[in-house]
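Chains as they are written, first to last, in my numbering: chain A, 16 to 290; chain B, 28 to 311.
Shown next, in the form of structure tokens:
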């Protein structure tokens, strides 16, 4: 790796995700649409990176290519120095969907414990870990409920814990709170911050919400309107642990907000104009 | 209020059945010929016949339950009394149901999840499905004899297609995102099948259980019509041969009871298995 300052331990800058000249072309009504064009960036160990951009800029596409759900048309993705093969999910990588993908036939406990069942974790240990996860997510008392009887925010908490219980070192999140109302969203930010500040997973978090990106991330990678390219890279160096609500009242927040907002605004304008 | 109307309609219908024919002599244009007791008997007659056939009353007209041994004696006298007949019909219905549901589910799952298999078998399934299943009953009796096997096969044949089509649709409708979620949580191919495809297809299977049990009963009865030693269907045919409308009506009445009980049980099982569905009330 180039330009490592000598006072940094090499582990601290270990690259976990590397995206190299990634391209994706979609077929839409017989026409080829370039969704992602020549996107490159790298994410170091323990970094919380928000991938921010207007709707349709290909940010989710990039995430889904990292998650092996979509096959790229060009470029490479490396996770922990090994090349990602489409259709073959990587261990250690957790994924949180925007859509509700909880298994409706399983209870909250059953959903959260799913990954542990797959790997054959003994029942006793599983129960303990599930109970702990339920507590961490503030879902005490709801263990035996089915997803259908939970609110959207509660379902998303279950989703989050279902992924986190396997203790993935890398987390991919596709606008996980995009469908929630503002209040529930802030609530989820607090939950996620407290969980993440304890475990410090490497996170790639896709969002179109600048406030969300500033609240959560260490770094914001700003994407351009379609075709998606990396436009800018902002450092978000607010102190941690952060308070999702109070942070928004600080002058540093306002300053960085307007800086990124200006840059993002240009892309929104481009994205909404006819091409 | 609903209950009032339900009781009123029931009693009204029974009253017309019981006494309607008596009016025939006075106002023939009002009373249809179908009410002739020779064809449809009368509720009071049917009830008496039910007591006799069920061995609750001896042929001499005495209550059997009061005298020790009388009930057993009456049961032993006939080879196809109401109890034995109900037992055989019920047993074969449940076997037909169980075999039909399990094989229909497996077939539906296999073909639903494999485009190749479903393409290959498509014309055969369409062809077999267009045969009215009941038309095969005589052939099945010929092949499997007049014992229980032929009834079970007939019932199976009726049930298996119903369950197959439901399962097939269900297996195709498995949510892609659920499969992806399972994969990303570390599930292998077999684990995806076991923990996502099977349970989500089950929901469709369960929806077909109530009709399946009714269909199974139909299959068994038709089989018994054509050739059987025991069973309620056989009782109907026997009573018909003797021109006993009351006997046929008793058998039909018992079938109705059996059908209602089976459907109720299955509906409860189904409601329990599908308790996670949004329609159901809050869990716990």
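Built from N, CA and C at the ideal position, the CB exists for glycine as well.
Residue-level contact to chain A via CB, residue 309/B, 8 Å cutoff: Because residue 309/B sits at a pLDDT of 38, beneath the cut-off of 50, its placement in the model cannot be relied upon, and the following sentence gives the value as read from the coordinates. True, the Cβ-Cβ gap to chain A drops below 8 Å.
Limits of the alpha helix (DSSP H) - the one that residue 99/B falls within: 97-104
Same chain, Cβ closer than 6 Å to residue 35/A, five either side skipped, listed in chain order: 55, 90 and 91
Validate contact between the segment 215-228 of chain A and the segment 179-188 of chain A using beta carbons, cut 8 Å, 3 pairs: yes
Strand pairing of residue 35/A, partner residues [DSSP]: 91/A, per the DSSP bridge assignment.
Those residues which DSSP pairs with residue 170/B across a bridge: Per DSSP, none; premise fails for residue 170/B.
is_contact[residue 114/A, chain B] using C-beta, thresh 8 Å: yes
Reduced DSSP category for residue 110/A - H, G, I as helix; E, B as strand; rest coil: strand
Reduced DSSP category for residue 158/B - H, G, I as helix; E, B as strand; rest coil: coil
Closer than 7 Å at the beta carbon, the chain A residues around residue 200/B: Here the premise fails: no neighbours, minimum Cβ distance about 13 Å.
Members of the segment 57-77 of chain A near chain B, C-beta cut-off 8 Å: Cβ contacts with chain B: none found.
Buried versus exposed, by CB contacts within 10 Å (16 or more), residue 38/B: exposed
Nearest candidate by alpha-carbon position, reference residue 239/A, set 149/A, 153/A and 51/A: 51/A
Beta-carbon proximity of residue 69/A to residue 126/A, cut-off 8 Å: Not in contact: residue 69/A and residue 126/A (Cβ atoms no closer than 8 Å).
Under the three-state DSSP convention, the category residue 316/A falls into: An answer regarding residue 316/A cannot be provided, because it is not within the stretch 16 to 290 covered by chain A.
Extent of the continuous alpha helix (DSSP H) run through residue 125/B: 109-140
The beta strand (DSSP E) enclosing residue 246/A, as first and last residue numbers: 245-250
Chain A contacts made by the segment 189-219 of chain B, where a contact means CB separation under 7 Å: 204, 205, 207, 208, 210, 211, 212, 213, 214 and 218
Nearest-angstrom Cβ-Cβ length linking residue 190/B and residue 239/B, presumed shorter than 8 Å: 6 Å
Where residue 42/A falls: helix, strand or coil (DSSP): Looking at residue 42/A - three-state DSSP - the assignment turns out to be strand.
C-beta atoms of residue 229/A and residue 251/A nearer than 8 Å: yes
C-beta contact flag for residue 277/B and residue 77/B at 8 Å: yes
Within 8 Å of chain B by C-beta, residues of the segment 196-226 of chain A in sequence order: Listed by position along the chain: nothing, the set is empty.
Whole-angstrom C-beta distance between residue 116/A and residue 102/A, which should lie under 8 Å: Incorrect: roughly 18 Å between the Cβ atoms, too far for contact.
Inter-stretch contact (C-beta, 8 Å, three-pair minimum) for the segment 40-55 of chain B and the segment 250-260 of chain B: no
Sequence-distant residues of its chain with Cβ nearer than 7 Å to residue 202/A (five each side left out): 168
N- and C-terminal bounds of the beta strand (DSSP E) containing residue 283/B: Segment 272-300 is the alpha helix (DSSP H) holding residue 283/B; no beta strand (DSSP E) there.
Test: residue 133/A CB closer than 8 Å to a CB of chain B: yes
Cβ of residue 130/A within 8 Å of any chain B Cβ: yes
Cutoff 8 Å: residue 227/B Cβ touching any chain A Cβ: Closer than 8 Å to the CB of residue 227/B there is at least one CB belonging to chain A.
Contact list for residue 87/A against chain B, beta-carbon separation under 7 Å: None at all; the shortest Cβ gap to chain B is about 17 Å.
Pairwise C-alpha distance: residue 148/A and residue 64/A: When rounded, the distance between both Cα atoms is 24 Å.
Validate contact between the segment 126-142 of chain A and the segment 197-215 of chain B using beta carbons, cut 8 Å, 3 pairs: Yes: the two stretches touch, three or more of their Cβ pairs being nearer than 8 Å.
6 Å Cβ shell around residue 68/B - same chain, five flanking residues per side excluded: 272, 273 and 276
Any chain B beta carbon closer than 8 Å to residue 161/A: Chain B, which has a Cβ nearer than 8 Å to the Cβ of residue 161/A, makes this yes.
Rounded C-alpha distance that separates residue 137/B from residue 231/B: One C-alpha to the other measures close to 15 Å.
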